[in-house]
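Here the protein sequences come in this chain order: R and Y.
Read in order, the letters of the first sequence are residues 5 to 204 in this note's numbering.
Read in order, the letters of the second sequence are residues 1382 to 1620 in this note's numbering.
These notes concern the structure reproduced below.
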Amino acid sequence: MAQDRATDMVARSAVDAVLRGDREAFRVLVDREAPDVVRTCFRILGEQPEAEDAAQEAFVTAFRSLATWRADGPFGAWLARIATRIALRRIASRKAIAWIEAEAQTGTNRDDRQLSPAFLAPSADDPAARAIAGERSESVQRAVWALRDPYRETLILRFFADLSLADIATATGRPLGTVKTHLHRGLVMLRDTLGDEVLP
Amino acid sequence: MSRRDDRRYDTGAALGSSSPSEMSRAAKAAAELERFAGSEFVRPSDGFADAVMVAIAREPLPSPAVVLGLALREGRLGGLLAGLVDSWRVARTGGRPLAMRLQGLAFVLVVALATVSLTATIAVGARTLLFRNDPVTPSVVEPGPPPPSVHAIEVAPTEEPTTRPSASPAGSTEPMSAPGATPKHTLTPRPAATPHPMDTETPDETEEPGDTETPDPTATPHPTDTARPTETPGSSDDG
């Protein structure tokens, strides 16, 4: 908690410096938040190049909207929410393209995009096991994409962006109890979507 | 950003009203998400921060104006409203440069004034539309009794009062005029009278029924002064 307050003060100082006209002060925020933002986008999108594109777009969006940051919660939580929305928007556009391609093809309605090895169990050396693990991860990922907001956003901020429930409440402007409800219902819906094949 | 807890999902955080089976399902899904998100070896590539700084170098410095302008350009009403709320908050709260706060306050005032002006304009326009008196609304007004006139006296058999102006020097005879009657040349003033089509002064200037531009009763023209005698529709010279 003390560290959070300290880092939050660092972020606030950097934000104030940027608002006073010191553009270079934004680099402090980029260096500090880039690993988390890229990782969050990667968990949503599944590919590092695309994740870095989305992360860069998130930083630019945050820069434009810097004057609206309320400073009542961690800067990283606010940025994570921006990154989540941008990544999900890319998912939506990717789906539209995949559907068009699927219609043009015969006998397939699945995205043929290859999974990153990061989604596979690191310890699985067996190619078959890796393939099964990859399919399972892809199923989880698709099931998360298919959820509707606000449940999807809450799950992503909690499990992909590693935010605490309190930070999610601050970033989204919702009461803590509401965030808990969304988290719980989102998990139940996710479980129902995945079914017993994926989650025995 | 906060570090993740050792247990991402605490069943104790779930609502007390959840059934055991529901909590079990939620816990399974949480475990699966934790496993899925367990990869920690994803890092930004070298030069990522530089690429971000190059991208923001092309951006204007952040301000409430930028936020509102972007929302306006993209047609995002929600973003515009959120930007206004944020501008008000920036103006009211401390911890921001004075120029930023003044800018936020200026935006809020401009939008408030524009809203009030627009509302007033719409209200005035609506009131005008609802309560205006339409002067060209057709109305059929029963002609009343004509005032006494010298010419009318000359026409002894005529029972029907002359209520319409004559456009013909020879006079347009009323359909009900008795044969041999002296043509009436009376331009009886009847502001509310409906001019007979045959009695229009100038046929190509047929007056609308109910037209109020009836000649003044004191301006009864002399029959010889009437213009365009040959143009009166249906006129006949009984003379």
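Yeah, the Cβ is synthetic: ideal placement off N, Cα and C, and Gly gets one too.
- R:A58 and R:R94 do touch by the CB rule: their CB atoms are close to 6 Å apart, below 8 Å.
- Ranked by how close their Cα comes to the Cα of R:D76, the residues R:R27, R:A66 and R:M13 have R:M13 in first place.
- Interface annotation, Y:S1400: not in contact with chain R, CB-CB separation never under 7 Å.
- Counting only unbroken stretches of 4 or more residues, the alpha helix (DSSP H) elements lying wholly within the segment 51 to 94 of chain R are 52 to 68, in sequence order.
- The beta carbon of R:V34 sits closer than 8 Å to those of F63, all from its chain and outside the five residues before and after it, given in chain order.
- Residue-level contact check: R:H188 touches chain Y, since one or more beta carbons of chain Y fall below 7 Å from its beta carbon.
- Between the C-alpha atoms of R:L194 and R:F67 there is a straight-line separation of about 34 Å.
- Taking the CA atoms as reference points, Y:G1506 sits about 12 Å from Y:S1498.
- The beta carbon of R:E56 falls within 7 Å of a beta carbon belonging to chain Y, placing the residue at that interface.
- Distance from R:L70 to Y:P1441 at the Cβ level is roughly 11 Å; contact not present, criterion being Cβ atoms closer than 8 Å.
- Scanning chain R for C-beta atoms nearer than 9 Å to the C-beta of Y:V1423 yields P39, V42, R43, F46, R47, Q52, A55, S120 and A122, reported in chain order.
- R:D166 and R:V183 have their alpha carbons spaced roughly 14 Å apart.
- Across the segment 145 to 164 of chain R, CB contacts with chain Y closer than 8 Å involve Q145, V148, L159, R162, F163 and F164, in sequence order along the chain.
- In the three-state reduction of the DSSP assignment, Y:E1403 falls in the helix class, which pools H, G and I.
- By the neighbour-count criterion, in which a residue is buried when 16 or more other Cβ atoms sit within 10 angstroms of its Cβ, R:D171 is buried.
- Using a Cβ-Cβ cut-off of 8 Å, R:V14 is close to nothing in chain Y; its nearest Cβ partner there is about 13 Å away.
- For R:L159, the number of other beta carbons within 10 angstroms of its own is at least 16, and it is reported as buried.
- Secondary structure note for Y:V1435: its alpha helix (DSSP H) is the uninterrupted segment F1429 to A1438.
- Chain-order list of chain R residues neighbouring Y:A1430: R31, V34, D35 and A38, by C-beta distance under 8 Å.
- Taking 7 Å as the cut-off, the beta carbon of R:A55 is found closer than this to the beta carbon of R:V42.
- Contacts between R:R195 and chain Y, judged by CB atoms closer than 7 Å, involve R1406, A1407, K1409 and A1410 in chain order.
- Counting of Cβ neighbours within 10 angstroms places R:G50 among the buried residues, the total reaching 16 or more.
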